[in-house]
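Trainee:
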Amino acid sequence: MKFLIRLDDCHKNQHYENWDKILSILYKYNIKPLIAIIPNNNDTSIEFCENTEDDFLTWLIQNKENIDFGVHGFNHSFHKSSKSMYKSRSTSEFNDLSYVEQRMILQNSLDWFRSNDFYPNWFVAPRHSFDKITVDICKFFGLSISDGTEINIFKYKDVLFVPQLYNKARIPLFSGVYTFCYHPNSMSDSDFIELESFLVNYYQMFIEWEEVKIMKVKGCYLRSQVINNIWIIQNYVRNTFFKKYRS
Ligand SMILES: [Zn+2]
Numbered sequence: 022m023k024f025l026i027r028l029d030d031c032h033k034n035q036h037y038e039n040w041d042k043i044l045s046i047l048y049k050y051n052i053k054p055l056i057a058i059i060p061n062n063n064d065t066s067i068e069f070c071e072n073t074e075d076d077f078l079t080w081l082i083q084n085k086e087n088i089d090f091g092v093h094g095f096n097h098s099f100h101k102s103s104k105s106m107y108k109s110r111s112t113s114e115f116n117d118l119s120y121v122e123q124r125m126i127l128q129n130s131l132d133w134f135r136s137n138d139f140y141p142n143w144f145v146a147p148r149h150s151f152d153k154i155t156v157d158i159c160k161f162f163g164l165s166i167s168d169g170t171e172i173n174i175f176k177y178k179d180v181l182f183v184p185q186l187y188n189k190a191r192i193p194l195f196s197g198v199y200t201f202c203y204h205p206n207s208m209s210d211s212d213f214i215e216l217e218s219f220l221v222n223y224y225q226m227f228i229e230w231e232e233v234k235i236m237k238v239k240g241c242y243l244r245s246q247v248i249n250n251i252w253i254i255q256n257y258v259r260n261t262f263f264k265k266y267r268s
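Residue numbering for the sequence shown follows my numbering, starting at 22 and increasing by one per position.
1) For ligand 1, which residues count as neighbours when the test is a C-beta closer than 6 Å to any heavy atom?
2) Can you tell me where the beta strand (DSSP E) holding ASP89 begins and where it ends?
3) Smallest Cα separation from ASN87: which of LYS49, ASN173, ILE166?
4) To the nearest angstrom, report how far apart LEU131 and PHE262 are at their CA atoms.
5) For ASP179, name the three-state secondary structure that DSSP assigns.
6) So PRO141 packs on PHE90, CB below 8 Å; how close in whole Å?
7) Could you give the distance in angstroms between the alpha-carbon of LEU216 and the alpha-carbon of LEU25?
8) Where does ARG27 sit, in a helix, a strand or coil, going by DSSP?
9) Counting only the same chain and skipping the five closest in sequence on each side, list residues whose C-beta sits under 8 Å from that of VAL238.
10) Should ILE154 and TYR120 be called a contact, given that it needs their Cβ atoms to be closer than 9 Å?
11) For SER268, which residues of its own chain have a beta-carbon under 8 Å away from its beta-carbon, when the five flanking residues on both sides are left out?
12) Just how far apart, CA to CA, sit MET125 and GLN246?
13) Once you ignore the five residues that flank PRO43 on each side, which residues in its own chain have a CB closer than 6 Å to its CB?
14) When you compare the CB positions of SER150 and SER102, do they come within less than 9 Å of one another, or not?
15) Pull the bridge partners of LYS101 from the DSSP assignment, please.
16) Confirm, please, whether the CB-CB distance from LYS108 to THR170 is below 9 Å.
17) Cutting at 7 Å between CB atoms, please list the residues of its own chain near ASN84, excluding the five before and the five after it.
18) Relative to the alpha-carbon of ASN256, which residue among ARG110, TRP40, TYR37, TRP80 has its alpha-carbon at the smallest distance?
19) Give the DSSP-derived three-state secondary structure of SER268 in the structure shown.
20) Smallest Cα separation from VAL156: which of GLN123, LEU243, THR65?
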């Protein structure tokens with residue numbers, strides 16, 4: 022069993038206090054997270070301060086050695102779309118757009134990273150929402166993908182997928198490679214305490230993102246689709262039947 026940590030929605034107006042808090046906890050246990058960065062955030066629901074781009078770059082450079090960089094789209098703004106490849110989302114920054122349009126979004130994003138001397142290797146789709154064209158574009162730019170409902174890493178269209186199932190650290194039932202995805206901007210004090218109490222016991226099971234690239238590929242795309250369908254049914258039942266039953 023191997024674990025990874027991903028932190029979403031890093032941008033210039035983020036909740037810096039929470040980000041510093043989680044990075045210092047991870048640093049204490051020698052865990053290097055993947056940070057999903059939005060170069061040009063337009064989503065006001067995740068803004069917490071008025072810091073400038075220079076402030077943000079200074080902060081990123083200070084933390085550069087202890088994080089891996091992930092491309093979290095370009096501006097975190099969404100359009101209505103058909104279902105995503107995973108997790109059934111129907112709003113997206115990428116899904117349903119043409120190859121040219123999607124490639125332009127990722128090109129804009131990568132231009133920002135490279136102009137600041139950062140070289141990300143990972144694509145993290147905002148809202149887990151992307152389609153098969155997005156996968157082609159990730160292949161074009163040499164990006165691996167942090168997403169997918171599998172319990173082991175797999176390849177699709179020659180692109181490496183590191184699955185992402187859980188939004189909190191836990192011990193899953195089956196052995197595999199698991200990513201725990203946190204959103205530091207909205208974490209509460211109890212979330213930090215809960216995370217640290219997990220790390221105290223299990224920090225040795227965490228690996229670095231670069232290590233994944235040399236691991237044996239044991240998962241497969243078809244199984245990821247089967248697990249995804251089970252996940253969708255499970256959520257449907259939980260959100261309809263159990264909600265009604267409780268009310
Ligand atoms: Zn996001």
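Idealized CB from N, CA, C, for every residue including glycine.
Mentor: In short, the structure shows the following:
1) ASP29, ASP30, HIS93, HIS97, PRO147
2) 89-92
3) LYS49
4) 43 Å
5) coil
6) 4 Å
7) 13 Å
8) Three-state result, ARG27: strand.
9) ASN173, ILE174, PHE175, LYS176, LEU181
10) yes
11) For SER268, the predicted model reports a pLDDT of 44, less than 50, meaning its position is unreliable; a value from the coordinates is still stated below. Within the same chain, SER268 has no close Cβ partners at all.
12) 28 Å
13) The sequence shown places Ile at residue 43, rather than the Pro named in the question. Excluding residues within five positions, the ones whose Cβ falls inside 6 Å are PRO205.
14) For the 9 Å CB-CB criterion, SER150 and SER102 form a contact.
15) For LYS101, which the question treats as bridged, DSSP gives the partners THR112.
16) yes
17) LEU44
18) ARG110
19) Any reading at SER268 needs caution, since the residue's pLDDT is 44, under 50, leaving its predicted position unreliable; the model's value is listed next. Residue state, collapsed to three classes: coil.
20) GLN123
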